[in-house]
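Everything on this sheet refers to the single structure shown next.
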Amino acid sequence: MAQIITIINFKGGVGKTTTSVELSAALAKHYGRRTLLVDLDPQASATFYVMEQEHWKAWKEVKGSTYDLFKNGQQSFPIRSAIVPDIIQGQAAVFGFDLLPSNPDLVDVDLGLADFVGYNILQSYLDLVRDDYDYIICDCPPNFNPVTKNSLWASDAYIVPTVPDFLSTYGIGLLRRSVNKLFMPANEDQQFRGPVLGGIILTRIKTNVRLHASYCEQVQADYPGNVFKHTISDSILVASAADNRMPISAIPLPKGHEVDLQKQFIALAGEFISRIHHVRTQKLHSVYRFK
Numbered sequence: 377m378a379q380i381i382t383i384i385n386f387k388g389g390v391g392k393t394t395t396s397v398e399l400s401a402a403l404a405k406h407y408g409r410r411t412l413l414v415d416l417d418p419q420a421s422a423t424f425y426v427m428e429q430e431h432w433k434a435w436k437e438v439k440g441s442t443y444d445l446f447k448n449g450q451q452s453f454p455i456r457s458a459i460v461p462d463i464i465q466g467q468a469a470v471f472g473f474d475l476l477p478s479n480p481d482l483v484d485v486d487l488g489l490a491d492f493v494g495y496n497i498l499q500s501y502l503d504l505v506r507d508d509y510d511y512i513i514c515d516c517p518p519n520f521n522p523v524t525k526n527s528l529w530a531s532d533a534y535i536v537p538t539v540p541d542f543l544s545t546y547g548i549g550l551l552r553r554s555v556n557k558l559f560m561p562a563n564e565d566q567q568f569r570g571p572v573l574g575g576i577i578l579t580r581i582k583t584n585v586r587l588h589a590s591y592c593e594q595v596q597a598d599y600p601g602n603v604f605k606h607t608i609s610d611s612i613l614v615a616s617a618a619d620n621r622m623p624i625s626a627i628p629l630p631k632g633h634e635v636d637l638q639k640q641f642i643a644l645a646g647e648f649i650s651r652i653h654h655v656r657t658q659k660l661h662s663v664y665r666f667k
């Protein structure tokens, strides 16, 4: 049964989507883990990282997208039909890496979902495919809207990618408080204590910037035991990978000849497996309804 992980940060530009895509690709290609990437961001950046636009247009019209899950309500949409199997094909094929693509119409869903209503919609769908995967990774928009809350409600853990600078790291505490507050009513009723913090990933690090090194140390001091040991460097290779619909983790290079950034993503995925293995939330099967 898959563990469901939300990738989230209130701040944009912190490598959230890159982390979601590269983790998913590395888990499938290098560790043999069946992984579903769920793109919940209306900008669909994760989708276009691995899927050609024309392919996406045809797919969402005929097969569906994450928008259809919320538009149709609980379990009234055939979720499996919307999942793109083995999204990376060709010479760098990655077997076991599937995608549930996004749709800009998710913006309208946010406007249509009132607070305290429908937070378990995504969970009801993911429960239908949970046995098909080892991990389900949800890439969320940089906000705390109803779709993001649905992702957290469905998740066992959440991971926070952050750039080591003031604005990016400042929001970590705010995010944790927001998650705790969201699940406080459910926790009091002993329904679900909420997803745990699976870790903080330091991304887009510039080794020649002293301030980055200082903030890396500060985050480790502020959140002892919660910061991933492996970090991700800032690199123009990420933009190139997205343009070519080719995750860096999937580039077919002989063992021992991987580029540094590829090695970082592979190592990060290995640490992810170790950390998430210990995450077991006590979610009850009964569905909690907010009062």
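So for the sequence shown, the working numbering puts the first residue at 377; every next one is plus one.
Virtual Cβ for every residue (Gly too), placed ideally from N, Cα, C.
Hey, quick one: how far does the beta strand (DSSP E) through residue i stretch, first residue to last?
{"i": "Cys592", "result": "Element bounds for Cys592: not the beta strand (DSSP E) but the alpha helix (DSSP H), Arg586 to Asp598."}
{"i": "Ala533", "result": "Ala533 to Thr538"}
{"i": "Tyr511", "result": "Tyr511 to Asp515"}
{"i": "Leu413", "result": "Thr411 to Asp415"}
{"i": "Phe473", "result": "Phe473 to Leu476"}
{"i": "Val572", "result": "Val572 to Leu578"}
Which term fits residue i, buried or exposed, when burial requires 16 or more other beta carbons within 10 angstroms of its beta carbon?
{"i": "Leu543", "result": "exposed"}
{"i": "Phe668", "result": "Since the displayed the chain opens at 377 and closes at 667, residue 668 lies outside it and no answer follows."}
{"i": "Asp636", "result": "exposed"}
{"i": "Ala597", "result": "exposed"}
I need the boundaries of the alpha helix (DSSP H) containing residue i, first residue and last residue.
{"i": "Thr545", "result": "Phe542 to Leu558"}
{"i": "Leu498", "result": "Ile497 to Val505"}
{"i": "Gln429", "result": "Gln429 to Val438"}
{"i": "Phe386", "result": "Run containing Phe386: none; DSSP gives neither H nor E here."}
{"i": "Leu528", "result": "Pro522 to Ala530"}
{"i": "Phe604", "result": "First-last for Phe604: undefined, no H or E at that position."}
{"i": "Val390", "result": "Where Val390 is concerned, there is no enclosing alpha helix (DSSP H), given that its DSSP letter is neither H nor E."}
{"i": "Thr423", "result": "Ser421 to Val426"}
Rounded to the nearest angstrom, what separates residue i and residue j at their Cα positions?
{"i": "Asp507", "j": "Arg410", "result": "10 Å"}
{"i": "Asn519", "j": "Asp481", "result": "16 Å"}
{"i": "Ser323", "j": "Lys525", "result": "Since the first residue shown for the chain is 377 and the last is 667, residue 323 is missing from the structure and cannot be characterised."}
{"i": "Phe641", "j": "Ile612", "result": "15 Å"}
{"i": "Leu445", "j": "Ile383", "result": "19 Å"}
{"i": "Phe453", "j": "Leu498", "result": "11 Å"}
{"i": "Ala401", "j": "Met622", "result": "10 Å"}
{"i": "Gln379", "j": "Asp532", "result": "6 Å"}
{"i": "Ser527", "j": "Val397", "result": "16 Å"}
{"i": "Asp610", "j": "Leu412", "result": "26 Å"}
{"i": "Pro571", "j": "Val505", "result": "19 Å"}
{"i": "Ala589", "j": "His406", "result": "29 Å"}
{"i": "Gln467", "j": "Phe473", "result": "15 Å"}
{"i": "Leu644", "j": "Gly408", "result": "15 Å"}
{"i": "Phe386", "j": "Pro517", "result": "8 Å"}
{"i": "Val585", "j": "Val595", "result": "16 Å"}
{"i": "Leu660", "j": "Lys439", "result": "Note that Leu660 scores a pLDDT of 41, beneath 50, so its modelled location is shaky; the value from the coordinates is reported in the next line. Computed Cα separation, rounded: 32 Å."}
Are the beta-carbon atoms of residue i and residue j separated by less than 8 Å?
{"i": "Val539", "j": "Ile576", "result": "no"}
{"i": "Ile455", "j": "Tyr509", "result": "no"}
{"i": "Trp432", "j": "Pro477", "result": "yes"}
{"i": "Tyr511", "j": "Ile381", "result": "yes"}
{"i": "Thr579", "j": "Ile535", "result": "no"}
{"i": "Val414", "j": "Ile513", "result": "yes"}
{"i": "Pro418", "j": "Val483", "result": "yes"}
{"i": "Thr393", "j": "Ser421", "result": "yes"}
Give, in chain order, every unbroken run of the alpha helix (DSSP H) that is at least 4 residues long and sits entirely within the stretch 612-659. For the stretch 612-659, whole alpha helix (DSSP H) runs of length 4 or above, ordered along the chain, are 613-619 and 636-653.
Along the chain, which unbroken stretches of the alpha helix (DSSP H) at least 4 residues long are found entirely within the stretch 440-464? 442-448 and 455-458
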